[in-house]
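Chains as they are written, first to last, in our numbering: chain S, 93 to 305; chain D, 93 to 305; chain V, 93 to 305; chain A, 93 to 305.
Where a beta carbon is used, it is the ideal one built from N, C-alpha and C, also for glycine.
All values derive from a computational prediction rather than experimental measurement.
Read through the structure below, which is laid out as structure tokens, and then see the notes.
There are 4 protein chains.
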Amino acid sequence: MVAPRPAPLAVVETDDSSKRRQILDGARAVFMDLGFDGASMGEIARAAGVSKGTLYVYFADKNRLFEAIVQQECLEQGKAVFNFDTGRDTATTLSEFGRAFIQVLCRPEGGSSLRTVMAIAERMPEVGRRFYDDVIAMTIGRFAAYLDSRCAEGELAIDDTTLAASQFMEMCKATLFLPYIFQAAAAPSSEQIAYAVDSATRVFLAAYAVKRS
Amino acid sequence: MVAPRPAPLAVVETDDSSKRRQILDGARAVFMDLGFDGASMGEIARAAGVSKGTLYVYFADKNRLFEAIVQQECLEQGKAVFNFDTGRDTATTLSEFGRAFIQVLCRPEGGSSLRTVMAIAERMPEVGRRFYDDVIAMTIGRFAAYLDSRCAEGELAIDDTTLAASQFMEMCKATLFLPYIFQAAAAPSSEQIAYAVDSATRVFLAAYAVKRS
Amino acid sequence: MVAPRPAPLAVVETDDSSKRRQILDGARAVFMDLGFDGASMGEIARAAGVSKGTLYVYFADKNRLFEAIVQQECLEQGKAVFNFDTGRDTATTLSEFGRAFIQVLCRPEGGSSLRTVMAIAERMPEVGRRFYDDVIAMTIGRFAAYLDSRCAEGELAIDDTTLAASQFMEMCKATLFLPYIFQAAAAPSSEQIAYAVDSATRVFLAAYAVKRS
Amino acid sequence: MVAPRPAPLAVVETDDSSKRRQILDGARAVFMDLGFDGASMGEIARAAGVSKGTLYVYFADKNRLFEAIVQQECLEQGKAVFNFDTGRDTATTLSEFGRAFIQVLCRPEGGSSLRTVMAIAERMPEVGRRFYDDVIAMTIGRFAAYLDSRCAEGELAIDDTTLAASQFMEMCKATLFLPYIFQAAAAPSSEQIAYAVDSATRVFLAAYAVKRS
DNA sequence: TATGAATGAGACTTCATTCAT
DNA sequence: AATGAATGAAGTCTCATTCAT
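Right, here's the structure in full:
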């Protein structure tokens, strides 16, 4: 009896093999455009400029390839650091964070990783959970930490900063995100984003800012 | 040669033929559970208790059947009227609306129509748009009309009630909806919902309520 | 969640659906000619005169189709009753049984079920075991029962009739079966069979016949 | 430009190049375990500890590699000389030969070359024929020669010693070989082998031994 | 109208083989 | 000679759809 074949270590372990990157790039485009089921391995191979067989040299199967895409998306979105510099005015920080946040969510090129992952979450819960943890919860956490610091300065008064962070982020989406994700409207313009985010900022501060006498 | 019995066209045209309803019910269950691609016509036929062939008597193809499901979902969710009775206390109305809204969004049985439609929106934009218009925009519209009436009463002061309506609805989701939809957490409990919605209500009123002297 | 689809009972349970028989016939030819791995579902479909999809309406997968073929082969070879009429001369009975036995083993058309099943036995032990039990062991058993009756008559003196039965059957193969199965010789002629079987009969009787004074 | 090192052609021609031997050893293990179709070139390369490419340096394709394996098996099984020393008692010689023969046929480790070659014989008749000639027919031939010598001594009286040789060898298999090869039983124990072979020896001698007065 | 048997295109995946290094 | 990355043909299986009854 023959032992199961070990993965070709040098290639699969390394994340920066050029072919591997080529495949990931092609696959991301197709997966994000068509969803997990809509994307075929043939299409992915064509988009990546490799043969179908090569896909399977680098990834065990379609699921594994998809997971790698999501994993990569997590890493990249995780790196998309928002500016929580405490030296700036709070209103400005909120407002700029909100804009950046919505811009990440509503990319004009279409092909949302949020949608793609959400769509598959029922059948691949582990993938959904990891995406939530690594991308969404992480951002909420960082923002909540910023709010904590503002509270410590006596600028804000918030019981539950995690809740407040999430509230602000959700509020920024108002009138923008759902039309975008349901294809009822194109990606919002900068003006639309500014309008919604600034309003959210005002609401947030009205509720949580400490009134100076 | 026997004269062909005149086809009772009315049956197909009418939306309440019993077979048609049977199919819609079965199909909805399967589509919402497994998503558009995950659902097979065979499974749908079984769930509906009819033969696969019969599916094609009532619906031209899988897409058309899916569209009918979404259409039906729109109608039913449209009927799910929230209580915007103007006789009640505003804070209570907000709070109860928020609870009902989140409960619709995060059903413990899983199988979200939101997710299912969102997932397909890139490939079937018309379906996504219609769902947004008929379900989401409509609810926002009704809630905005309620806010208008509160403003007219001098109780609230809101520039853009549509934006405000959307802000409140988004805020209610804070910390609850995304973990649920990404399968990072089970459906929220009543207590969790109350906690988030009551906080959202306070934030909303802090920003928009007219201060009585 | 949808329950697993029940097999289309009326068709699969019944063994005599015409399409099913058509498939079994085509599949047997291809499997016996090319072996399990050598046979492709496409080839089988073509041999059976049905589409590839139809194969899967009647059989869950290639393994199941193969098992059905072997099962059918068991039944048919089981029915191939040999004449163990006790009224005839023992030497004649042995000799005719031996001839019939070798003729079953070495069919001139080629395509031996023995070879095909033996080949797959390591990977599908259950299939091999069942074939051995239903076809080979059963034949040995019937022949042994005949030998028992001859012993009871005082015509033969055998300690272990099962062993003796097997010995005779193996001996009949001498110089015929292995060349045939290894394709080193064509199927043996009647003369060759007669020569080998008659010799086996003589050896057998020399060892086991009771000498009358 | 560096002058190409003269290719040591002799290596490929010679049968004992170390790499070639390495490949043959690995390939034999895999082929005998999994059969021709079940064995993949990748698995063989791994078992041999060389790269897939190297396989094709030494063998034109999978068929040629397999043929070389069988050829090698022929040589080795040919070398497995049985003891036909004429100085020993005939019954002992038969009995020990029978035991050794069955032990070669029914190796407890499984992975029978007999099965593997038999399985492929219909698709690769040349391979089957050569195996029969070089291994089986050769053994029968040697044993027949021994029987000839016993006849010359007046100890045995046999018309057709080739037939008799084959008869004895087949008889030794009785109740042991088929259950083993069909996976209906484990490899036979020494006791089981002794029982069957001793019985075969008695039958053989009963038929062919010259009665001394 | 309703059926369910049948289809065939297309999906994922494997693997023998090639080729640049 | 040796490698291992890359290929593409071919295999198994699924499923939306059609059609005769």
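TODO: Count the other C-beta atoms from every protein chain shown that fall within 10 angstroms of the C-beta of A292/A, then say buried if there are 16 or more, exposed otherwise.
DONE: As a working note, residue 292/A is residue 200 in the fourth sequence. Looking at its Cβ environment, which holds 16 or more other Cβ atoms inside 10 Å, A292/A is buried.
Task: Residues near S241/D in its chain [Cβ-Cβ closer than 6 Å; skip 5 each side] - done: On the second sequence, residue 241/D is found 149 positions in, with the first residue counted as 1. Same-chain partners within the cutoff: T178.
Open item on the list: Run through the DSSP bridge pairs and tell me what L197/S is partnered with.
Closed with: Taking the first sequence and counting its residues from 1, the one referred to as residue 197/S is at position 105. Answer by DSSP bridge pairing: none, since L197/S is not bridged.
Task: Contact set for C264/S: own chain, Cβ-Cβ below 7 Å, skip 5 residues either direction - done: Translated into the one-based positions of the first sequence, residue 264/S becomes position 172. Hits under 7 Å: G190, F193, I194, A288, V289, A292.
- [ ] Quick one: residues in its chain with C-beta nearer than 6 Å to the C-beta of A213/S, no 5 flanking neighbours on either side, listed in chain order?
- [x] Here the question's residue 213/S lines up with position 121 in the first sequence. So the qualifying residues of the chain are G220.
- [ ] Can you check the stretch 166 to 252 of chain D for any alpha helix (DSSP H) of at least 4 residues that lies completely inside it and give the ranges in chain order?
- [x] 182 to 197, 205 to 212, 217 to 223, 230 to 244
Task: Counted within 10 angstroms of its Cβ, other Cβ atoms place V295/V as buried (16 or more) or exposed - done: By 1-based counting over the third sequence, the position of residue 295/V is 203. It is buried - the Cβ of V295/V has at least 16 other Cβ atoms within 10 Å.
Task: Inter-residue CB distance, F223/A and F274/V (contact presumed, cutoff 8 Å) - done: Counting from one through the fourth sequence, the residue named residue 223/A turns up at place 131. Counting from one through the third sequence, the residue named residue 274/V turns up at place 182. Right, their Cβ atoms sit about 6 Å apart.
Task: Proximal residues of chain S, C-beta to C-beta of I228/D below 9 Å - done: As a first step, residue 228/D must be located in the second sequence, where it is residue number 136. In chain order: L270, P271, F274, A276.
Open item on the list: For a contact defined as C-beta to C-beta under 7 Å, what are the partners of E262/D on chain S?
Closed with: Residue numbering aside, residue 262/D sits at position 170 when the second sequence is read from its first letter. Per Cβ cutoff of 7 Å: E262, M263, K265, A266.
Task: Extent of the continuous alpha helix (DSSP H) run through G134/S - done: Numbered from 1 along the first sequence, position 42 holds the residue referred to as residue 134/S. It spans 133 to 140 - the alpha helix (DSSP H) in which G134/S sits, taken as one unbroken run.
Task: Residue from G202/A, G203/A, V302/A, M210/A with nearest C-alpha to S205/V - done: In the third sequence, residue 205/V corresponds to position 113, counting from 1. Residue M210/A is the option with its Cα nearest to S205/V.
Task: Local Cβ density within 10 Å of E218/V, reported as buried at 16 or more and exposed below that - done: If you number the third sequence from 1, residue 218/V lands on position 126. Result: exposed.
Open item on the list: Per DSSP, what are the beta-bridge partners of A301/D in this structure?
Closed with: As a working mapping, residue 301/D is identified with position 209 in the second sequence. According to DSSP, which records beta bridges pairwise, A301/D is partnered with L248/D.
Task: Burial state of G118/V, where buried means 16 or more other Cβ atoms lie within 10 Å - done: Residue numbering aside, residue 118/V sits at position 26 when the third sequence is read from its first letter. Flag for G118/V reads buried.
- [ ] Mark S187/D as exposed unless 16 or more other C-beta atoms lie within 10 angstroms of its C-beta, in which case mark it buried.
- [x] By 1-based counting over the second sequence, the position of residue 187/D is 95. So S187/D counts as buried.
Open item on the list: For a cutoff of 9 Å on Cβ pairs, would you count V91/D as touching chain S?
Closed with: What the structure shows of chain D is the stretch from 93 to 305, and residue 91/D is not part of that stretch, so it cannot be assessed.
Task: the stretch 215 to 248 of chain D: positions lying closer than 9 Å to chain S by Cβ - done: R215, M216, P217, E218, V219, G220, R221, R222, F223, Y224, D225, I228, A229, I232
Open item on the list: Is the beta carbon of V196/S closer than 9 Å to that of A172/S?
Closed with: To locate residue 172/S, count along the first sequence from 1; it is residue 80. To locate residue 196/S, count along the first sequence from 1; it is residue 104. Yes, the Cβ-Cβ distance between A172/S and V196/S is below 9 Å.
Open item on the list: Classify R180/A: buried if its beta carbon has 16 or more other beta carbons within 10 angstroms, exposed otherwise.
Closed with: If you number the fourth sequence from 1, residue 180/A lands on position 88. Exposed, by the Cβ-count rule.
- [ ] State the DSSP-derived secondary structure class of L157/V, mapped to helix, strand or coil.
- [x] Numbered from its first residue, the third sequence carries residue 157/V at position 65. It is helical.
- [ ] Look up L116/V in the DSSP assignment and say whether it is helix, strand or coil.
- [x] Sequence index remark: in the third sequence, residue 116/V carries index 24 (1-based). Note: L116/V maps to helix in three-state DSSP.
TODO: For D129/A, return the contacting residues in chain V, with the cut-off set at a CB-CB distance below 7 Å.
DONE: Here residue 129/A refers to the residue found at position 37 when the fourth sequence is read from its first residue. Correct list: D129, G130.
Open item on the list: Spatial neighbours of A256/V within its chain, please: C-beta separation below 7 Å, excluding the five flanking residues on both sides.
Closed with: Along the third sequence, one-based indexing puts residue 256/V at 164. Hits under 7 Å: L239, I250, Y300.
Task: Opening and closing residue of the alpha helix (DSSP H) in which L268/A lies - done: As a first step, residue 268/A is located in the fourth sequence; it is residue number 176 there, counting from the start. Element bounds for L268/A: n/a, residue is neither H nor E.
- [ ] Can you pull the chain V residues whose beta carbon is under 8 Å from the beta carbon of Q259/A, in chain order?
- [x] Stepping through the fourth sequence from its first residue, residue 259/A is reached at position 167. Near Q259/A (Cβ distances below 8 Å), the residues of chain V are M263, A266, S291, A292, V295.
- [ ] Taking 9 Å as the cut-off, decide whether the C-beta atoms of D252/V and G170/V are in contact.
- [x] Translated into positions along the third sequence, residue 252/V becomes position 160. Translated into positions along the third sequence, residue 170/V becomes position 78. Against a cut-off of 9 Å, the Cβ pair of G170/V and D252/V comes out as no contact.
TODO: Just the C-alpha distance for F174/S and E262/D, rounded to the nearest angstrom, thanks.
DONE: Counted from its first residue, the first sequence places residue 174/S at position 82. Counted from its first residue, the second sequence places residue 262/D at position 170. Answer to the nearest angstrom: the Cα atoms are 21 Å apart.
Open item on the list: Can you check which of these residues, Q164/D, A266/D, F176/D, is closest to A121/D by C-alpha distance?
Closed with: Indexing the second sequence from 1 puts residue 121/D at position 29. Among Q164/D, A266/D, F176/D, the Cα nearest to that of A121/D belongs to Q164/D.
Open item on the list: Can you find the residues in the same chain that come closer than 8 Å, C-beta to C-beta, to S183/D, ignoring five residues on each side of it along the sequence?
Closed with: Within the second sequence, numbered from 1, the residue matching residue 183/D stands at position 91. Here the sequence assigns Ala to residue 183/D, which means Ser is not the residue at that position. Cβ within range, chain order: T293, L297.
Task: Within chain S, the residues that L167/D reaches when beta carbons sit closer than 8 Å - done: Locating residue 167/D in the second sequence gives position 75, counting from the first residue. Correct list: empty, because the minimum Cβ distance to chain S is about 17 Å.
Open item on the list: Strictly below 7 Å CB to CB, what residues from chain A border G202/V?
Closed with: Residue mapping note: residue 202/V aligns to position 110 of the third sequence, counting from 1. Ordered by position in chain A, the residues that pass the 7 Å Cβ test against G202/V are E214.
Open item on the list: I believe M133/D touches K154/D by the beta-carbon criterion, under 8 Å. Please report the beta-carbon distance rounded to the nearest angstrom.
Closed with: Stepping through the second sequence from its first residue, residue 133/D is reached at position 41. Stepping through the second sequence from its first residue, residue 154/D is reached at position 62. About 6 Å separates the two Cβ atoms, so the contact holds.
Open item on the list: Does chain V have any CB closer than 9 Å to the CB of D299/A?
Closed with: The residue given as residue 299/A occupies position 207 in the fourth sequence. The amino acid at residue 299/A is misidentified as Asp; the sequence shows Ala. Closer than 9 Å: yes.
- [ ] Answer yes or no: do I285/D and T254/D have a C-beta to C-beta separation smaller than 9 Å?
- [x] Stepping through the second sequence from its first residue, residue 285/D is reached at position 193. Stepping through the second sequence from its first residue, residue 254/D is reached at position 162. Going by C-beta atoms, I285/D is not nearer than 9 Å to T254/D.
TODO: Pull up the distance between the alpha-carbon of G203/V and that of M230/V, whole angstroms please.
DONE: As a first step, residue 203/V must be located in the third sequence, where it is residue number 111. As a first step, residue 230/V must be located in the third sequence, where it is residue number 138. For G203/V and M230/V, the distance between alpha carbons rounds to 22 Å.
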